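Residue numbers for the sequence shown follow our numbering, beginning at 192 and rising by one. Ideal Cβ positions, reconstructed from N, Cα and C, are used throughout, including at glycine. For clarity, every value in this text was computed on a predicted model and none was experimentally measured. Heads up, the thing below is written out as structure tokens.
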Amino acid sequence: RESHMVDVSQLVIEKDKSVVGVFADVVAIDYDGNYFDACSYAATAALLTSKTPTWEMVDDQPTVVEGEEKPLPVSTIPVSVTMGKIGNHIVVDPNGDEWASMDCRVTITTDSDGNIVALQKGGSDGFTQDEINECGDLSIKVGAKIREQLKLAQQESQ
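Here's what the structure looks like:
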């Protein structure tokens, strides 16, 4: 489930001593079915638009450089797309009623290059190989559109 969105090697202040920690907590106040993707997009947008202080070592202690911030070192923009199976139909981004009716679901995450980097299946039923292939194709196509929206949000925040 690791997308490698943030290049953590660039968060090292001093090797084997200090690193910058990054946390993203999401609280869903309300949703209509697919909270997996909603939370994923919220966390991704937060990371894309966040800034971290610049650090340096002073007297062998990590110290914030006042007034200097930089964006997180983002190496890719992961986008999850959840699909539900209801009978013989695949539903992208199921709403609450569809979520309650689906036999199973799959969440597929792609990176900026369109590579599948994560996949999680849930529910008691299964997918055929053709259905999984279709879901993979849908995830790449839909993910690219959502990724563009996330990039716009990132550009507008700078």
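Query, Result
"Short Cβ contact (8 angstroms threshold) for Val333 with Val256", "no"
"Stretch pair the segment 315-334 + the segment 277-285: three plus CB contacts closer than 8 angstroms", "yes"
"Where Asn324 sits in the DSSP three-state scheme", "helix"
"Other residues of its chain near Ser241: CB distance less than 7 angstroms, five sequence neighbours each side excluded", "Leu263"
"Sequence-distant residues of its chain with Cβ nearer than 8 angstroms to Tyr226 (five each side left out)", "Ala219"
"Within 8 angstroms, strictly: CB atoms of Leu310 and Thr235", "no"
"Euclidean distance between Cα positions of His195 and Gln345", "18 angstroms"
"Range covered by the alpha helix (DSSP H) that runs through Thr240", "226-240"
"Straight-line Cα distance separating Met274 from Gly314", "12 angstroms"
"DSSP-derived helix/strand/coil call for Lys276", "strand"
"Residue interval of the beta strand (DSSP E) (run including Gly205)", "In the sequence under discussion, the amino acid at residue 205 is Glu, which differs from the Gly named in the question. First-last of the beta strand (DSSP E) with Glu205: 203-205."
"DSSP beta-bridge partners of Lys312", "Val297"
"Secondary structure of Gly212, DSSP reduced to three states", "coil"
"CA-to-CA distance, Asp250 to Ala229, given in whole angstroms", "44 angstroms"
"C-alpha distance - Asp216 paired with Phe318, whole-angstrom precision", "31 angstroms"
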